[in-house]
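Reading through the structure tokens given below for one structure.
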Amino acid sequence: MIANRGEIALRINRACQELGVRTVAVFSEPDRESLHVRQADEAFCVGPGPVPRSYLNIPNIISTALITGCDAVHPGYGFLAENARFAEICADHGLVFIGPRPSVIAAMGDKATAKRVMHEAGVATIPGTDILATVAEAENAAEKLGYPVLLKATAGGGGKGMRVVERSEDVERAFASATAESEASFKDGRLYLERLISNPRHIEVQVLADEFGAVVHLGERDCSAQKPSHQKLVEESPAPNLSARARSALHDMAVRASERVGYTNAGTLEFLTTGDDAYFMEMNTRIQVEHPVTEMVYGIDLVKEQIRIAAGEALGYVQRDLVARGHAIECRINAEDPRNNFAPQAGTVTNVVFPGGPGIRVDTHLYPGASIPPYYDSLLAKAVAYGDTREAAIARMERALRETVIEGVQTTIGLCLEVLASREFRAGRYDIGFLPSMLGSAV
Amino acid sequence: MPSQGSLPADRIRRLAEFLSTSDVFRVRIERPGEEIEVGRRPPLLYAPAGSADDVRTEPVALRVDAIKADLVGIFHLSRPAPLEGELLEEDRELAFIEALGIRTPVRSLGAGRIVAIASQDGAPVEYGQSLFLLDRG
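If you want it as structure tokens, here you go:
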């Protein structure tokens, strides 16, 4: 059972087909004509367009899995992928959840708990507090840490429930608004504080772990080219201009932390780095959108590995067997208007031409005439370019994006080309302030 | 369209007015804490075939409603099993959908004649699948 939609549902379907595994897709009413519905062996409508009534409709998704005789559920990313309760319900009904154990999902999903666990595992974490009970506690902690500080929701994600606080007189207001936002978004208003690391890089490490305790890393991805909302736009592997010492330290921390939490399946540890210093930010207990760049440089199909591990197979290789070769870059082609605060675009795609040629991979659910419903994530396609060197990968990506035609909706293709052409990106010297600053100067 | 602050009854009245002057058959509005659905009867779908000596010039109108599954599960006809052509004089349980060990009744939602049983007894059904077609005329 593929409990997702869009490009990742197709990606999972492809892995299953290559493994000889039959698939069942679920879909919402507006997704009836989607490619993932057509390409799966069976497909069931589980609800109307709005996400809570379809792709988050646990009873209908589980019921579909049971009546179609599924053995396992792949949640993809987003939706139910990091829902520990869903993973538990799968297990209760005899379905294998393709991901880590529910207790690990729950521990890593609670940011304050994850940070404490990582700290205990000897992983560097950003100096900060545990859960704050009162505003006064927050004010005292902020004084000790030194301004500016970052107030964060423990259940947070996507920048929600997060506030930068520059001065002591702003703590009370930020505390109230972050609590309310987190309560509204996650039904959990608890907050904690961290020292603000100014304009760090966002570098993450891919891990794979089997059920016999073996853990390996598959290098890092630099995801610093982020929109002002902290959503990633361009990712690459390996990270440019990272010292061998810092790179190795990141990989070691990721493996050590995964071992410590008893991790299984594919996961990603996100770090904020500044210079050679790296601090654990969070662990994503699922496949990532940007996983193809890792696949390109390591030559490993991560989704197939997820399925093999969930089926109880051992990794079958050790760290020294894994060698990164060349360089890969991914550009996210979203249905968004970058000049209008990335406003999502819904509508019908009237014409589509995707790039090809050596070293290019496109993961997409788009086809001419496809409709883009207003209910879902705006990701239309991921263009991935591979080259022997970073320069070759950039040149290929630029060529590929120029070949791409998507008519009917506005996209981020132009913005991705601007990123690739920028002096900072070319030099491999950019941090998370780079794209917001570029957008600020362009508007 | 109604303003956000209007009373539900007022909104429903205005939606009904909108439906009566458009080609739209059903409108559903969902907001946090509120769901409103207003529909009008669909147009004539079925009309009896007229014979050469049929003196009537106007076909008899059948106003057909589809009763659809609102969950995924196994469809079972209730016992005694409803029959195609059967006249239901009032609201009645026609079937149930079994999902995760729970039986959810499927009711006729009023009187009518069963034009068709659109799903097979004992078969899986998906969300939105037609289960019965009922003539409300």
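In the order they appear, the protein sequences are chains A and L. Convert by adding 300 to the 1-based position in the first sequence; the result is the number in the numbering used here. 69 is the number that the numbering used here gives to position 86 of the second sequence; each next residue is one higher, with no gaps. Backbone N, C-alpha and C define an ideal beta-carbon position, used for all residues, glycine too. Computed from a prediction, not measured in an experiment: that's the story for all the values here.
* Asked: What residue does the alpha helix (DSSP H) around P427/A start on, and which one ends it?
  -> The sequence position of residue 427/A within the first sequence is 127, counting from 1. No alpha helix (DSSP H) contains P427/A, which DSSP labels as neither H nor E.
* Asked: Using a C-beta to C-beta distance shorter than 8 Å, which residues of chain A count as neighbours of G56/L?
  -> For the purposes of this step, residue 56/L is taken as residue 73 along the second sequence, with counting starting at 1. In chain order: S363, I367.
* To do: With a cut-off of 8 Å on the beta carbons, I'd call R400/A and T585/A a contact; round off their distance for me.
  => As a first step, residue 400/A is located in the first sequence; it is residue number 100 there, counting from the start. As a first step, residue 585/A is located in the first sequence; it is residue number 285 there, counting from the start. The residue asked about is misnamed: residue 400/A is Pro in this sequence, not Arg. Confirmed, Cβ separation roughly 5 Å.
* To do: Output the distance between the C-alpha atoms of A554/A and L569/A, rounded to the nearest integer angstrom.
  => Translated into the one-based positions of the first sequence, residue 554/A becomes position 254. Translated into the one-based positions of the first sequence, residue 569/A becomes position 269. About 6 Å.
* Whole-Å CB distance - R744/A paired with N541/A, under 8 Å assumed -> One cannot answer for residue 744/A here, as it falls past the ends of chain A, which runs 301 to 743.
* Excluding the 5 residues preceding and the 5 following E333/A in the sequence, name in chain order all residues of the same chain whose CB lies nearer than 8 Å to its CB. => In the first sequence, counting from the first residue as 1, residue 333/A sits at position 33. These residues qualify, in order along the chain: A670, S671.
* Any Cβ of chain A within less than 7 Å of the Cβ of G105/L? -> Numbered from its first residue, the second sequence carries residue 105/L at position 122. Not an interface residue.
* **Per DSSP, the bridge partner or partners of A414/A** => Residue mapping note: residue 414/A aligns to position 114 of the first sequence, counting from 1. In the DSSP output, where bridge partners are listed per residue, A414/A has none listed.
* Asked: Looking only at its own chain, which residues have a Cβ that is under 7 Å from the Cβ of E472/A, when we skip the five neighbours before and after it?
  -> The residue labelled residue 472/A in the question sits at position 172 within the first sequence. Excluding positions up to five away in sequence, the list reads V435.
* Measuring CA to CA, which of F571/A, T664/A, D601/A, R495/A is closest to L445/A? -> Residue mapping note: residue 445/A aligns to position 145 of the first sequence, counting from 1. Out of F571/A, T664/A, D601/A, R495/A, R495/A has the C-alpha closest to the C-alpha of L445/A.
* **Environment of R625/A [buried if 16+ CB atoms lie within 10 Å]** => Position 325 of the first sequence, counted from the start, is the residue given in the question as residue 625/A. Here R625/A is exposed, its C-beta having fewer than 16 other C-beta atoms within 10 Å.
* To do: Over the uninterrupted alpha helix (DSSP H) stretch that includes S113/L, give me the two end residues.
  => In the second sequence, the residue the question calls residue 113/L occupies position 130. Not the alpha helix (DSSP H): S113/L falls in the beta strand (DSSP E), residues 113 to 118.
* Is there at least one Cβ from chain L nearer than 7 Å to G626/A's Cβ? -> As a working note, residue 626/A is residue 326 in the first sequence. Judged by the 7 Å Cβ criterion, G626/A is not in contact with chain L.
* Selected residue, minimal CA-CA separation from F379/A, among L395/A, A484/A, V351/A -> Translated into the one-based positions of the first sequence, residue 379/A becomes position 79. Minimum Cα distance to F379/A is reached at V351/A.
* Going along the chain, which residues of its own chain have a beta-carbon closer than 6 Å to the beta-carbon of H753/A, five neighbours each way excluded? -> Not covered by the structure: residue 753/A. The range shown for chain A is 301 to 743.
* Where E472/A sits in the DSSP three-state scheme -> Counting from 1 along the first sequence, the entry for residue 472/A is found at position 172. E472/A: helix per DSSP, three-state reduction.
* Between E72/L and chain A, is there a C-beta pair that is closer than 7 Å? -> In the second sequence, residue 72/L corresponds to position 89, counting from 1. No, E72/L does not count as interfacial toward chain A.
* In terms of DSSP beta bridges, what is P107/L paired with? -> Stepping through the second sequence from its first residue, residue 107/L is reached at position 124. According to DSSP, P107/L bridges with I57/L.
* Check whether the Cβ of E109/L lies closer than 7 Å to any Cβ atom in chain C. => The structure shown contains no chain C; the protein chains it does contain are A and L.
* Would you say R119/L faces chain A, with C-beta separation under 7 Å as the test? -> As a position in the second sequence, residue 119/L is number 136, starting the count at 1. Chain A contact via Cβ: absent.
* Is N640/A helix, strand or coil by DSSP? -> What you label residue 640/A is simply residue 340 of the first sequence in a count that begins at 1. Residue state, collapsed to three classes: helix.
* Asked: Could you give the residue range of the beta strand (DSSP E) that holds Y686/A?
  -> Within the first sequence, the letter at position 386 stands for residue 686/A. Where Y686/A is concerned, the enclosing beta strand (DSSP E) stretches over 679 to 687.
* To do: Leaving aside the five residues before and after V76/L along the sequence, list all residues of the same chain whose C-beta is less than 6 Å from its C-beta, in chain order.
  => Within the second sequence, residue 76/L is the residue found at index 93, counting from 1. According to the sequence shown, residue 76/L is Glu rather than Val. Contacts found: S61, P88, R90.
* Asked: Along the chain, which unbroken stretches of the alpha helix (DSSP H) at least 4 residues long are found entirely within the region 383 to 409 of chain A?
  -> 384 to 392, 402 to 409
* **For D522/A: DSSP bridge partner residues** => Locating residue 522/A in the first sequence gives position 222, counting from the first residue. For D522/A, which the question treats as bridged, DSSP gives the partners I503/A, E536/A.
* Asked: V736/A CB to nearest chain L CB: under 7 Å?
  -> Against the first sequence, residue 736/A aligns to sequence position 436. In the sequence on display, residue 736/A carries Pro and not Val. Not closer than 7 Å to any Cβ of chain L, the Cβ of P736/A fails to qualify, so no.
* To do: Could you have a look at P25/L and say whether DSSP puts it in helix, strand or coil?
  => Reading the second sequence from its first residue, position 42 is the one you call residue 25/L. Annotation note: pLDDT 47 at P25/L (below 50); position unreliable, no value reported.
* Using a cut-off of 7 Å between C-beta atoms, extract the partners of A82/L located in chain A. => Within the second sequence, residue 82/L is the residue found at index 99, counting from 1. What A82/L touches in chain A: P359, S363.
* To do: For L27/L, count neighbouring Cβ atoms within 10 angstroms of its own Cβ and tell me buried if that reaches 16, exposed if not.
  => By 1-based counting over the second sequence, the position of residue 27/L is 44. Only weak support exists for where L27/L lies, its pLDDT of 40 falling under 50; the coordinates are left without a value.
* Leaving aside the five residues before and after A441/A along the sequence, list all residues of the same chain whose C-beta is less than 6 Å from its C-beta, in chain order. => Numbered from its first residue, the first sequence carries residue 441/A at position 141. Spatial neighbours of A441/A in its own chain (CB-CB distance under 6 Å, excluding positions within 5 residues in sequence) are listed in chain order as T429, L493.
* Any C-beta of chain L under 7 Å from that of G347/A -> Working through the first sequence from its first residue, we reach residue 347/A at position 47. For G347/A, the answer is yes, since a Cβ of chain L falls inside 7 Å of its Cβ.
* Could you work out which residue in G519/A, A325/A, L622/A, V589/A is closest to S537/A when comparing CA atoms only? => Within the first sequence, numbered from 1, the residue matching residue 537/A stands at position 237. Checked all of G519/A, A325/A, L622/A, V589/A; the closest Cα to S537/A is G519/A.
* Asked: Should F344/A be flagged as near chain L, meaning a C-beta pair shorter than 7 Å?
  -> For the purposes of this step, residue 344/A is taken as the residue at position 44 of the first sequence. Cβ-Cβ to chain L under 7 Å: yes for F344/A.
* Given that E329/A touches chain L, what residues does it touch there, using C-beta distances under 9 Å? -> Against the first sequence, residue 329/A aligns to sequence position 29. What E329/A touches in chain L: Y110, G111.
* To do: Report the residue ranges of all alpha helix (DSSP H) runs contained in full by the region 332 to 357 of chain A; include only those spanning at least 4 residues, in chain order.
  => 335 to 339
* To do: Could you round the C-beta distance between G459/A and H530/A to whole angstroms and report it? I think they count as a contact, below 8 Å.
  => Locating residue 459/A in the first sequence gives position 159, counting from the first residue. Locating residue 530/A in the first sequence gives position 230, counting from the first residue. Right, their Cβ atoms sit about 5 Å apart.
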